[in-house]
Amino acid sequence: MLRKYAIFLILSVFSLYAGQSEPYASVKTQIENRWQGFQSNREFKEFKPGKSDAELKAEFEVIHTTRLSIWTTTPYAFARHLIAEDLIRAPGCIAFDFNNTVPYYNASTICLGDQYYIACEGPRSKDVSKFFDLLTTQHVTHLVRLTSSYEAWTKKCHPYWDGFTTESDGNVYLNVPTDTGVCSVQAFHMDHWRDHHGVDPEELLALVLQIRDGLKKDNGLLVVHCSAGVGRTGTFLASLAIVEAIDKGLPFSIEEIVYRLSLQRVHSVAKFSQYITLHRLAESYLKKKLNCQS
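Residue numbers (the working numbering): 716 to 1009.
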């Protein structure tokens, strides 16, 4: 077991990319206060490679039960105005009130250590303008989409990218219309990742590393969405935290990372298969790092 104060230190030393301001400092304080209350008297399992699927399933079942009990407590009230104003794609997948990024969209400000992200749902057709407003008002530089517009016959996200993307120097940009012109956001996608499922850890790792490098280079802010903006989105953000810890040579706990995300957006890393994906991704990246050193 990794002692709780050690894990807290590990995630707190994630570097803030050079020059980045802290526009969400008040949210960070609330997040850390909630974390302090949650992690009291708890210890988290340090990541160890080679765990079986059965072992990981048992771990995830405890996580699932624990966070369900947390989400019903007063500090984790949902942003009910999003329900009242019909701003929710998937019932039950609602931003918490305390870190709802903007009042007009189902988005959550996420803080892992000193790095901020925004996790949100994929827009419905009537919400595209609000989604674009989110990107521009929050000065988003990078966007990751983890869903297609349809899965079988079910609509998962409005294809807001159609007619709004261009390519330059091998990069894809979403050109968001504004009152004064166009705001270009570098766009990435993994649109074959099925809802409620894990994904090939090697493929996910490649995208995570690409995004990580781009954020550091551009001192950027990342928005991640799938359909509801919880399971696949949380898995992607957890992967970023795992890669950061491995790069720094620090011990880490995937269990704790999932809890940290879950206290900031409901159902982050929603399924057992997604929890397995995180462990296999960590194993793969550690192996790659060791091979580079040998």
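Glycine included, each C-beta is placed from N, C-alpha and C at the ideal position.
Query - Proximity to Leu-802 [Cα-Cα], best of Leu-1001, Tyr-888 and Glu-836 - result: Reading the sequence shown from its first residue, position 87 is the one you call residue 802. The shortest C-alpha separation from Leu-802 is found at Glu-836.
Requested in this report: For Phe-879, name the three-state secondary structure that DSSP assigns.
Outcome: Reading the sequence shown from its first residue, position 164 is the one you call residue 879. Three-state result, Phe-879: coil.
Query raised in the report: What is the DSSP secondary structure of Leu-937, counted as helix, strand or coil?
Result: As a position in the sequence shown, residue 937 is number 222, starting the count at 1. Shown here, Leu-937 sits in a strand according to DSSP, grouped into three states.
Query raised in the report: Nearest-angstrom Cα distance between His-940 and Asn-756?
Result: By one-based count along the sequence shown, residue 940 stands at place 225. By one-based count along the sequence shown, residue 756 stands at place 41. Each residue's Cα considered, the two are about 33 angstroms apart.
**Report entry** Leu-866 (DSSP reduced to helix, strand or coil)
**Finding:** As a first step, residue 866 is located in the sequence shown; it is residue number 151 there, counting from the start. Correcting the residue identity first, residue 866 is Glu in this sequence and not Leu. Strand.
**Report entry** Ile-785 beta carbon less than 8 angstroms from that of Ile-798
**Finding:** Start at 1 with the first residue of the sequence shown, and residue 798 comes out as number 83. Start at 1 with the first residue of the sequence shown, and residue 785 comes out as number 70. Contact: no.
Query raised in the report: If you draw a straight line from the C-alpha of Lys-841 to the C-alpha of His-873, how long is it?
Result: For the purposes of this step, residue 841 is taken as residue 126 along the sequence shown, with counting starting at 1. For the purposes of this step, residue 873 is taken as residue 158 along the sequence shown, with counting starting at 1. Between Lys-841 and His-873, the alpha-carbon positions lie close to 9 angstroms from each other.
**Report entry** According to DSSP, residues forming a beta bridge with Arg-975
**Finding:** Residue numbering aside, residue 975 sits at position 260 when the sequence shown is read from its first letter. According to DSSP, which records beta bridges pairwise, Arg-975 is partnered with nothing at all.
Requested in this report: Pull up the CB-CB distance for Ile-957 and Ala-902, whole angstroms please, since I reckon it's below 8 angstroms.
Outcome: Counting from 1 along the sequence shown, the entry for residue 957 is found at position 242. Counting from 1 along the sequence shown, the entry for residue 902 is found at position 187. By a beta-carbon distance limit of 8 angstroms, Ile-957 does not contact Ala-902. Their separation comes to about 23 angstroms.
Requested in this report: Could you pull the start and end residues of the alpha helix (DSSP H) that Thr-992 belongs to?
Outcome: In the sequence shown, the residue the question calls residue 992 occupies position 277. 987-1008 is the span of the alpha helix (DSSP H), which, as asked, contains Thr-992.
Query - DSSP state of Thr-948 mapped onto helix, strand, coil - result: Translated into positions along the sequence shown, residue 948 becomes position 233. When secondary structure is reduced to three states using DSSP, Thr-948 falls in the helix class.
Query raised in the report: Does the segment 905-914 come close enough to the segment 968-988 that 3 or more CB-CB pairs lie under 8 angstroms?
Result: Between the segment 968-988 and the segment 905-914, the count of Cβ pairs shorter than 8 angstroms is three or higher; the stretches touch.
Query - Bridge partner(s) assigned by DSSP for Gly-896 - result: Within the sequence shown, numbered from 1, the residue matching residue 896 stands at position 181. Thr-893.
Query raised in the report: Is the number of C-beta pairs between the segment 762-774 and the segment 943-955 that are closer than 8 angstroms three or more?
Result: The answer is no - the segment 943-955 does not touch the segment 762-774, with fewer than three Cβ pairs under 8 angstroms.
Query raised in the report: Alpha carbon to alpha carbon, what distance is there between Glu-774 and Ile-969?
Result: The residue you call residue 969 lines up with position 254 of the sequence shown. The residue you call residue 774 lines up with position 59 of the sequence shown. Roughly 10 angstroms between the two C-alpha positions.
Query raised in the report: Can we say the segment 883-899 touches the segment 967-983, given the rule of at least three CB pairs closer than 8 angstroms?
Result: Two segments are said to touch when three or more pairs of C-beta atoms, one from each, lie closer than 8 angstroms; by this definition the segment 883-899 does not touch the segment 967-983.
Query - Cys-826 - partner residues in DSSP beta bridges - result: Residue numbering aside, residue 826 sits at position 111 when the sequence shown is read from its first letter. Partner(s): Tyr-831.
**Report entry** N-terminal and C-terminal residue of the alpha helix (DSSP H) that Val-843 is part of
**Finding:** The sequence position of residue 843 within the sequence shown is 128, counting from 1. Element bounds for Val-843: 843-852.
Query raised in the report: Are the beta-carbon atoms of Val-742 and Cys-826 separated by less than 8 angstroms?
Result: Locating residue 742 in the sequence shown gives position 27, where the first residue counts as 1. Locating residue 826 in the sequence shown gives position 111, where the first residue counts as 1. Yes, the Cβ-Cβ distance between Val-742 and Cys-826 is below 8 angstroms.
Requested in this report: Would you mind stating whether Ala-943 and Ala-822 have Cβ atoms separated by less than 8 angstroms?
Outcome: Looking up residue 943 in the sequence shown gives position 228. Looking up residue 822 in the sequence shown gives position 107. Against a cut-off of 8 angstroms, the Cβ pair of Ala-822 and Ala-943 comes out as no contact.
Query raised in the report: Around the Cβ of Asp-910, are there at least 16 other Cβ atoms within 10 angstroms (buried) or fewer (exposed)?
Result: For this step, residue 910 is matched to residue 195 along the sequence shown. Under this definition Asp-910 is a buried residue.
Query raised in the report: Taking DSSP as the reference, what is the three-state secondary structure of Asn-756?
Result: Counted from its first residue, the sequence shown places residue 756 at position 41. The answer is coil: DSSP assigns Asn-756 none of H, G, I, E or B.
**Report entry** Beta carbon of Thr-824 nearer than 8 angstroms to that of Tyr-739
**Finding:** One-based indexing of the sequence shown puts residue 824 at position 109. One-based indexing of the sequence shown puts residue 739 at position 24. Yes; because the gap between Cβ atoms is below 8 angstroms, this pair is in contact.
Requested in this report: Name the residue from Ala-834, Phe-879, Thr-744 and Asn-890 whose alpha carbon lies nearest to the alpha carbon of Val-981.
Outcome: Taking the sequence shown and counting its residues from 1, one reaches residue 981 at position 266. Looking at the Cα atoms, Ala-834 is the closest of the given residues.
Requested in this report: Let me know the secondary structure DSSP gives Arg-927 once reduced to three states.
Outcome: Position 212 of the sequence shown holds residue 927. Secondary structure of Arg-927 (DSSP, three-state): helix.
Query - Cβ neighbours of Phe-847 in the same chain (closer than 6 angstroms, five flanking residues each side left out) - result: On the sequence shown, residue 847 is found 132 positions in, with the first residue counted as 1. If we look at Phe-847 and ignore the five residues flanking it on each side, its Cβ neighbours are Val-891.
Query raised in the report: Taking buried to mean at least 16 other C-beta atoms within 10 Å of its own C-beta, is His-994 buried or exposed?
Result: On the sequence shown, position 279 is the one that residue 994 refers to. That one is buried.
Report task. Taking the CB atoms as reference points, tell me whether Val-984 and Gly-949 lie closer together than 8 angstroms. Result -> What you label residue 984 is simply residue 269 of the sequence shown in a count that begins at 1. What you label residue 949 is simply residue 234 of the sequence shown in a count that begins at 1. Between Val-984 and Gly-949, the C-beta gap is smaller than 8 angstroms, which places the two residues in contact.
Query - Runs of alpha helix (DSSP H) lying entirely within the segment 759-789, each at least 4 residues, in chain order - result: For the segment 759-789, whole alpha helix (DSSP H) runs of length 4 or above, ordered along the chain, are 768-785.
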